[in-house]
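Okay, so the sequence shown: first residue is 66 according to the numbering used here, each after it adds one.
Here is the structure we will look at, set down as structure tokens.
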Amino acid sequence: MVTVGQQAPDFRAPTFVGDGGEIVELVSEIDAHEAVVLLFSPADFVGPCTAEWAAVREAGWHDTQGLAVLGLTGDSLFSHAAYADQYEIPFPIISDFHAGIADQYDLLLDDWEGHRHIPARATVVIDGDWEIRAVEQADPLAETSPAPVAHATRELDELGFDLTRPETDYTIVP
């Protein structure tokens, strides 16, 4: 797993945004924002991960000036479209279909629920100098308290963001 203080690996990947696909580049996101939060999940529709992403949505992180929030799963853009629609995910969802980004971040599950080489569940905070400020990993099916994204709030506060700490309600996702 990447560690705090390490430089974040750059990537370029397809993403689902709003009504369609685009290419996202981390370098562009870091150039345009003071911090970037990467929300890793093995796949769309994984209950605890979805609850966590919904908590980020409810906390309004995606509307925060200077902060970029990017989701990332091993699923396709087509799956992302259905997922974003069903759960009203307002931030871009990157398709790490072959787990290249997860591998760069050493957040790769070798075997999970019959899938090989798929992203882990994790939250990574990257500052404007490419430094990894926080990284928190959890079992994709665990209902952790606090959820990995809650730990990111502390680092984002240190970077000068005044954010609501996401409160994950695991009962909202079937």
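Just so you know, even glycine gets a beta-carbon here, dropped at the ideal spot from N, CA and C.
Given the structure is predicted, the values throughout are model-derived calculations rather than measurements.
Item, Value
"Is leucine 174 buried or exposed, if buried means 16 or more other CB atoms sit within 10 Å of its CB?", "buried"
"Pull up the distance between the alpha-carbon of glycine 230 and that of tyrosine 148, whole angstroms please.", "The sequence shown places arginine at residue 230, not glycine. The straight-line gap from Cα to Cα measures roughly 23 Å."
"Use the C-beta contact count for valine 200: other C-beta atoms within 10 angstroms, 16 or more gives buried, fewer gives exposed.", "buried"
"Is glutamate 223 helix, strand or coil by DSSP?", "helix"
"Can you look up proline 213 in the DSSP assignment and give me helix, strand or coil?", "helix"
"Using the Cβ count rule (16 or more neighbours within 10 Å means buried), how would you classify glycine 125?", "exposed"
"Who pairs with valine 101 in a beta bridge, going by DSSP?", "Ala133, Ile191"
"For aspartate 84, which three-state DSSP category applies?", "coil"
"Based on Cα-Cα distance, which residue from Asp171, Pro211, Asp109, Pro157 lies nearest to alanine 78?", "Pro157"
"Pull up the distance between the alpha-carbon of aspartate 194 and that of isoleucine 95, whole angstroms please.", "8 Å"
"What whole-angstrom Cβ distance do glutamate 99 and leucine 132 have, given they're in contact under 8 Å?", "7 Å"
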